[in-house]
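Under UniProt numbering, the sequence shown has 26 at position 26, and the numbering climbs by one with no breaks.
Ideal Cβ placement from N, Cα and C applies to all residues, glycine included.
To start, the structure under review is shown below, and the notes come after it.
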Amino acid sequence: MHFAVTSEGCLSLTLMTGSDLVKGWHECIWTCLSYVCYVDDKVSKVAWLNRSNIIFAGEDKWSLDPRVELVTQGQLEYSLRIQKVDVFDEGPYTCSIQTKQQPKTSQVYLIVQVPPVIYKVSDDIIVNEGSNVTLTCLASGRPDPSITWRLLNPSGEKQPYLEISGIVRSQAGRYECKASNDVSTPDVKYVNVVVNYPPYIKEVRSSETPVGQAGVLHCEASAVPQPEFEWYRDERRLSSSQSVSIQISGSRTLLVVANVTEDDYGNYTCVATNRLGIHNASVSACRPADGCVCQSFWLLLLSVLSALLKC
């Protein structure tokens with residue numbers, strides 16, 4: 001007969017004797033931290049044993065464990081109480097009864113369950129795109145907990161190590177490690193994974209601006225770490241002045257021409273850089289009458305070429 005109890009919980013077992021014990025019948029009562037053996041008044045000696053070790057013989061304590069004590073109620077109840085149950089208490093417990101005719105015993109097996117605890121998990125990491133990544137999550141518990149990894153939205157991977165070969169930017173994010181064994185609520189830890197990748201200019205555009213008004217060129221790039229931006233007119237690098245203002249906010253930059261003149265029309269180049277690479281795209285400052293396409297032809301061409309090279 002087996003009973004399970006958590007290491008922070010308690011267990012009581014009652015063993016009935018007399019004619020019922022002869023028939024092998026027993027009754028379980030769940031209370032707190034004790035095994036109870038009921039005896040009849042014809043019994044001369046009673047003992048509690050753990051495996052082959054005597055814990056109590058009559059009222060004499062043989063065990064040196066201070067957590068173990070005997071509780072009696074008259075001559076009919078012979079209770080073994082264990083305080084602060086831990087995994088080392090697991091095993092068979094036997095109530096041995098010596099009658100005038102022959103000894104009788106009844107035995108239970110205590111299984112100690114332990115809630116899951118994650119004791120080792122990877123630190124937050126920063127990696128370059130294309131790198132191989134291994135995330136570690138180790139947990140203890142009884143029964144052994146199952147480990148589930150998941151990027152907070154896709155489905156989970158049920159293993160203590162999450163291996164990602166050739167990680168890509170879409171796999172960056174917050175990863176959850178969950179250890180569960182149905183004994184208690186799961187233990188959960190998190191690992192943040194940052195994936196570095198070189199800049200890619202997603203958009204460059206301008207507005208058709210008449211002479212004498214303010215013209216604005218837009219450039220937006222995707223990159224980790226965040227890109228640094230530069231603007232060029234032909235081969236000349238531009239910087240902020242009375243006539244030109246360069247504004248940068250995160251992954252976006254604006255080139256603002258305060259008072260457009262005829263000389264300001266033409267092609268401009270936005271350059272985005274970080275320590276992993278560089279990307280540039282051209283955009284035209286358009287006269288209203290020209291009807292030019294403000295989305296960079298060169299950006300479109302580069303996108304097509306990149307797609308063809310991957311095939």
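Burial check for Trp149: the Cβ neighbour count within 10 Å reaches 16 or more, so the residue is buried. The continuous stretches of beta strand (DSSP E) do not include Asn259, and DSSP gives it neither H nor E. Rounded to whole angstroms, the separation of the alpha carbons of Val112 and Val224 is 49 angstroms.
Segment contact: the region 97 to 107 against the region 116 to 134, fewer than three CB-CB distances shorter than 8 angstroms; contact not assigned.
Beta-carbon to beta-carbon, Val117 and Thr136 are separated by about 15 angstroms, too far to satisfy the 8 angstroms threshold.
Per the C-alpha coordinates, the member of Glu176, Ser165 and Ile278 positioned closest to Ile147 is Glu176. Between the region 164 to 181 and the region 230 to 249, the count of C-beta pairs closer than 8 angstroms stays below three; the two stretches do not touch. Using a Cβ distance threshold of 7 angstroms, Arg174 and Glu220 do not count as a contacting pair. Only residues of its own chain outside the window of five on either side were considered, and among them Gly215, Val257 and Ala285 have a CB closer than 7 angstroms to the CB of Asp264, listed in chain order. Judged by DSSP in its simplified three-state form, Asp263 adopts helix.
Apart from sequence neighbours up to five positions away, the residues of its chain that approach Pro198 with a beta-carbon distance below 6 angstroms are Leu276 and Gly277, ordered along the chain. Counting along the chain, no beta strand (DSSP E) covers Asn132, and no H or E run does either.
Taking a C-beta distance under 7 angstroms as the contact criterion, Val68 and Ile54 do not qualify as a contact pair.
The region 86 to 97 and the region 47 to 61 touch, with three or more beta-carbon pairs separated by less than 8 angstroms.
Across the set Asn128, Val114 and Asp123, the C-alpha of Val114 shows the shortest separation from the C-alpha of Pro145.
If you ignore the 5 residues before and after Glu228, its C-beta comes within less than 6 angstroms of the C-beta of Thr273, all in its own chain and listed in chain order. Assigned with DSSP and collapsed to three states, Asp89 falls in helix. As the crow flies, the alpha-carbon of Glu77 is around 8 angstroms from that of Val71.
Leaving aside the five residues that flank Ile126 on each side, the residues in its chain whose CB is nearer than 7 angstroms to its CB run, in chain order, Val194 and Asn196. Its chain contains Arg237 and Val271 as the residues whose beta carbon lies nearer than 7 angstroms to that of Glu230, once the 5 sequence neighbours on both sides are disregarded; these appear in chain order.
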